[in-house]
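Colleague: My questions all concern the structure below.
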Amino acid sequence: MEPPREGFASPQGVAPIGFELHAMEEGVSPTPDPQLPQAASPEPSPPPPPPPTNSLYSATNGPEIQDTGDTGSAKNGPPSSSTKTGDESKMEKSLFFKDGRRRIDYVFAFKQQDKQDEKDMKRRQTFEDNLQKSGLVLETDTMQYSKNEKIVYVKVHAPWAVLTAQAELMSMKMPLAENDMAEEMESCWSKCPTPFDFDSDILPKIPEYFTAAFSREREDQFIVENKDTFFTSAQRSLLVYQILSRTVFEVSGDKSKDKFGIKKMVSAGAYDAAYPLHEGEFKSEHSILTRGKANNRHLLYETWARPGTWYKYQPLDHIRLYFGEKIGIYFTWLGYYTAKLIPAAIVGLIAFFYGVGTVNDDPASTEICDKNGPGNYTMCPVCDERCTYWRLYRSCTYSTVTYLFDNEATVIFAAFMALWAMFFIEMWKRRTAEIEYDWDVADFEEEETVRPEFEALVQKRRMNPITKCFGVRRTRSYDGTITEEPYLSLASRGCRYLSSVWVVVFMLCMVIAAVFGVIVYRMTVSILLFAVDQSQISQWSSTITSITGAVINLICIIILGKIYLVIALALTNFETHRTETEWEDSFTLKMFLFQFVNHYSSLFYIAFFKGKLIGRPGEYNRNINNARQEECDPSGCLIELLIQLMIIMVGKQAFNNCKELFFPKIMNWFKSRQVKAEEKAKEKKELAVWERDYAMASMPDLGLFDEYLEMVLQYGFVTIFVAAFPLAPLFALLNNIIEVRLDAYKFVTQWRRPLAVRAQDIGIWFGILRGITTVAVASNAAIIAFTSEFVPKLVYRYGYNNTSLEGYVKFSLSTFNVLDFEPQSEPRDPNKTISNVQECMYRDFRHGPDSLNNKYEFTMQYWHVLTARLAFVIVFILVVVFLQWFISFLVPDIPRSVKMQMLREKHLAKESILAAETVRRQRFGIGGSNSNISPNKSPNKSPNQRHSQVDMELHQGSLPWW
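Structural data, given as structure tokens:
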């Protein structure tokens, strides 16, 4: 019979059950060891273990196995062991119980005070008793560091029976047979050494295996060379956590209201910390080149987290083995994205250098800077009353800088980036398929367990419509009843989601209001600066306003982001999602929608709205605060968009990097003083691993969310507004090179070891990236058409002046009679800088004051330019979309080599199942003349009848739950 898919009772039960039964069947005595103060159901004293292996699955020191190969992805299993020489260090011994045999899989810690909180004591006692009933073994150490400081460490060990049962319930894939196709699928290029690879003696290749979901009934078919190293330390902690997350610590009488889970124990203060252990120190007295790695943490530091390895490939398989699939996938994506930025940065740099090289040949900039030519044009005031007339040559610097980013090469680069983004998405899909297969997570989301919080909060129950059983994960409570599947009705989900939508919309309106406030600030400050008597200040008023406005906007972005984070967490918990993946996807979508508006709204305003709806002199648009709207410089708004983009993008990245680097260091510095005091109090050189890890900072509760958000927002800057800032990919590349090693440094040296959580892919972030890519195509087309001067120059060059731009400045300006000003628009001191002004010029395509029938109306040139702009947008989008479709058609989602290995693995899995079925039939005489076959279990019954019979026997207790 299929074992239950959930290892123990839901929170409505008292605690996980069943493992002690299996342990007893295996010969393990449930009697507590009197020498372990809080231990229960310990394993019997096993025979002395073999010498610790040197395999990648072992946490011990010693020389590494001498397999060769690169650091690419590989399906892995427990490789062959080798003998380690030398005595184990004290640090290594502290990874085990006092008997030196049973490995520590998890640690809880709390400070023991003279007056203990009785409620916390009772919770800890209940929690630890229930852990013992689930088959886990506990050992307690109390450390007296000073007169007033005593810390209790509760160490947890999972016996083999518990680990295998949990692995089976989680459908964890384990090695079934050696991969005999790996060498065939390797290309010649992958075998060529490069300066970016580590030597195989330092970073050995991880053996590749075909895998299948673990089953205790077919245990002999898996490659179990050593039970101590069959599961990695990361897998062991994950399996143990499945029990910890569902174990009850406070019984209320109503099972639906019982409190459970190690996370709530820590948040309630019953424990100060709960964490898996690092594998020793990340530094060693001996060089890794001479004596090899001291432990896997040391290996990762020397080959990944150390700043000197910034140009090396990441050891992704080793990262996955130590930190788990979810963290491994994040670093895979980050490294892949960073590598793909290299061609984008190079092309962007070429486009920028093209602008630098041809800036002196640009007729428009030359004319604006010519004080004896068009630069001497008198321009209309840029604000009411306070501002006065000014000369066009004041925009010389603006127009020159604008040309560096607004030229023919920028258009080509924008089209290139649109194709680059699509190519990146399609190639990442292929890479994801490789990861899903190599790391055995292809079906993870289908097999993912239900969140404990969902089980506790949802009261309705139903029979699962897929399995036709009571519960997706068939479980038994202590009272022997079968637990049904928790179920949230469609109406309830709809009400919860609708409530969240309204709150999200309200917060988005708050962001828009903040942007509106910044716009009002810019309008007010620009007026004040233009009215200053000092020419240097008034001349740079637009630049000062843009920079200060961008800084204020950045501060608003950071503050509003912190506020919305709390609201999004509450809303997502209120929605009551079934699995952790669903919870993360919902939270991510809310946060990204908010951050998208928060980061990009000011940029969209400058790119598409500023200076577009201002009206004209004599008839200005005064819909906002009864004042004139902001105007663009005669050279356009592109330079302001560039300034805003640079400050938000570069400033946010610099802020995040400083926070990520210095905050953990400061926290650990304070805790390191405590560690030194503890070492002095214990009068020994080294503390145990579990003591040192307790003094480290913990990974943020949101895990990798902040890391993904930072990079995805950066991807938006790089793609959506790249037409305004071709150097954005270069700045992103430089930032990411630092980001990869900074994140690695944090994980290896600054944080406690995080739980090795599994994941199938980057989740909803992939859909967000696709959405950004789609928006980027339209955005870049619109920026080039409506924000830059490319299209008007194109129309003038080929429609009005026979392929030359001479005279373009005059073509783009219109004339206004100062006598037609509105009373509130007339300058207070019209002769302040220029005397006797009768006409001024402004940026638009309109008839002059001398036109009798069409005075100040749009000219035919305006409609020609507008038509060209719209045509450019349509053609640009159609061409890019077609090329994107063509790329997606050419690039298959799954590489051929992965398909072949997947088929081979399925074939081996079928053979394994058939072999197990043959053994079972021979054992029970099924299909033969064995007379011991019960008529109630006849194979002639239908599947539904057999399920009903099984459920009945489970309910009656005639069958063990496994």
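By numbering that gives the first Met the number 0, the letter at position 459 of the sequence shown is numbered 458, and the numbering carries on one by one without gaps.
Backbone N, C-alpha and C fix where the C-beta goes; we use that ideal spot for every residue, glycine too.
Report the rounded CA-to-CA distance for Trp884 versus Ile424, giving the unit in angstroms.
Modeller: Their Cα atoms are separated by approximately 12 Å.
Colleague: From what residue to what residue does the alpha helix (DSSP H) around Lys339 run?
Modeller: Its alpha helix (DSSP H) spans residues 324-357.
Colleague: Per DSSP, what are the beta-bridge partners of Ser283 in this structure?
Modeller: DSSP output for Ser283 lists no bridge partner at all.
Colleague: Helix, strand or coil: how does DSSP classify Pro362 here?
Modeller: It is helical.
Colleague: Count the other CB atoms, across all protein chains shown, that sit within 10 Å of the CB of Glu207; report buried if there are 16 or more and exposed otherwise.
Modeller: Under this definition Glu207 is a buried residue.
Colleague: Does the Cβ of Asp198 have 16 or more other Cβ atoms within 10 Å, making it buried, or fewer, making it exposed?
Modeller: Exposed, since its Cβ has fewer than 16 Cβ neighbours within 10 Å.
Colleague: Spatial neighbours of Ser887 within its chain, please: CB distance less than 8 Å, with the 5 preceding and 5 following residues excluded, ordered by chain position.
Modeller: Cβ neighbours of Ser887 beyond the five flanking positions: Met421, Glu425.
Colleague: Round the Cβ separation of Leu94 and Val688 to the nearest angstrom and send it over; I've been treating them as touching at under 8 Å.
Modeller: Contact flag correct, Cβ pair sits at about 6 Å.
Colleague: Please specify which runs of the alpha helix (DSSP H), each continuous and at least 4 residues long, are wholly inside the region 251-312, giving them in chain order.
Modeller: Complete alpha helix (DSSP H) runs here, min 4: 261-266, 287-290, 295-299.
Colleague: Look at the alpha carbon of Asp442 and the alpha carbon of Met169, and state the distance between them as a whole number of angstroms.
Modeller: Taking the straight line joining both Cα atoms gives about 11 Å.
Colleague: Write down every uninterrupted run of the alpha helix (DSSP H) in the region 773-827 whose length is 4 residues or greater and which is fully enclosed by it, in chain order.
Modeller: Listed in chain order, they are 789-798, 807-810.
Colleague: Are Gly279 and Ala293 close, meaning C-beta to C-beta below 8 Å?
Modeller: Cβ distance < 8 Å, so Gly279 and Ala293 count as in contact.
Colleague: What did DSSP end up calling Phe229 once you bin it into helix, strand or coil?
Modeller: Helix, per DSSP.
Colleague: Counting Cβ pairs, one atom from each stretch, are 3 or more of them under 8 Å apart for the region 699-716 and the region 584-591?
Modeller: Verdict: yes, contact present.
Colleague: Please report the residue range of the alpha helix (DSSP H) in which Lys428 lies.
Modeller: Taken as a continuous stretch (DSSP letters only), the alpha helix (DSSP H) holding Lys428 covers 407-437.
Colleague: Closer than 6 Å by C-beta to Ile614: which residues in its own chain qualify, once you throw out the five before and the five after it? Chain order, please.
Modeller: First, the amino acid is wrong: residue 614 is Gly here, not Ile. Cβ within range, chain order: Asn620.
Colleague: If I measure Cβ to Cβ from Tyr402 and keep anything under 7 Å in the same chain, skipping five residues before and after, which residues do I get?
Modeller: Excluding positions up to five away in sequence, the list reads Gly354, Val358, Asp361, Ser364.
Colleague: Threshold first: 4 residues or longer. Then list the alpha helix (DSSP H) segments lying entirely within the region 695-751, N to C.
Modeller: You should have 704-719, 727-744.
Colleague: Give the single residue among Lys92, Leu288, Glu659 whose Cα lies nearest to the Cα of Arg100.
Modeller: Ranking Lys92, Leu288, Glu659 by Cα distance to Arg100 puts Lys92 first.
Colleague: For Ile623, count neighbouring Cβ atoms within 10 angstroms of its own Cβ and tell me buried if that reaches 16, exposed if not.
Modeller: Exposed, because fewer than 16 other Cβ atoms sit within 10 Å of the Cβ of Ile623.
Colleague: Would the region 367-386 count as touching the region 830-846 if we require 3 or more Cβ pairs under 8 Å?
Modeller: Yes: at least three Cβ pairs fall under 8 Å.
Colleague: For Ile833, does the three-state DSSP call read helix, strand or coil?
Modeller: DSSP places Ile833 in coil when its eight states are reduced to three.
Colleague: Does the structure place the region 779-787 close enough to the region 809-821 that three or more beta carbon pairs sit under 8 Å?
Modeller: Not touching, per the Cβ criterion.
Colleague: Pairs of beta-carbons, one from the region 655-664 and one from the region 551-570, closer than 8 Å: are there three or more?
Modeller: No: fewer than three Cβ pairs fall under 8 Å.
Colleague: Please name the residue, chosen from Pro314, Glu249, Pro275, Leu243, that lies closest to Lys204 on a Cα-to-Cα basis.
Modeller: Out of Pro314, Glu249, Pro275, Leu243, Pro314 has the C-alpha closest to the C-alpha of Lys204.
Colleague: What is the DSSP secondary structure of Tyr376, counted as helix, strand or coil?
Modeller: Here Tyr376 sits in coil by DSSP.
Colleague: Since Tyr436 and Gln900 are thought to touch, with beta carbons under 8 Å apart, how far apart are those beta carbons, to the nearest angstrom?
Modeller: The Cβ separation is near 7 Å, so the contact holds.
Colleague: Around the Cβ of Met859, are there at least 16 other Cβ atoms within 10 angstroms (buried) or fewer (exposed)?
Modeller: Met859 should be labelled exposed.
Colleague: Give the C-beta separation of Gly327 and Trp438 to the nearest angstrom, bearing in mind that I take them to be a contact with Cβ-Cβ under 8 Å.
Modeller: At roughly 7 Å, the Cβ-Cβ gap stays under 8 Å, so Gly327 and Trp438 are in contact.
Colleague: Can the beta-carbon of Val879 be found closer than 8 Å to that of Val717?
Modeller: Not a contact, by the Cβ cut-off of 8 Å.
Colleague: Would you tell me roughly how many angstroms separate the C-alpha atoms of Tyr604 and Leu243, rounded to the nearest one?
Modeller: Using only the alpha carbons, I get a separation of about 50 Å.
Colleague: If you draw a straight line from the alpha carbon of Phe109 to that of Ile150, how long is it in whole angstroms?
Modeller: Those two C-alpha atoms are separated by around 6 Å.
Colleague: Do Arg385 and Arg796 have their C-beta atoms within less than 8 Å of each other?
Modeller: No, the Cβ-Cβ distance between Arg385 and Arg796 is not below 8 Å.
Colleague: Across the region 341-354 and the region 728-746, are there enough close Cβ pairs to call them in contact, namely three or more that are closer than 8 Å?
Modeller: Output reads yes: the region 728-746 touches the region 341-354.
Colleague: Do you know how far the Cα of Phe209 is from the Cα of Ser911?
Modeller: About 12 Å.
Colleague: Suppose you measure from the CA of Glu452 to the CA of Phe724; what does that come to, to the nearest Å?
Modeller: About 46 Å.
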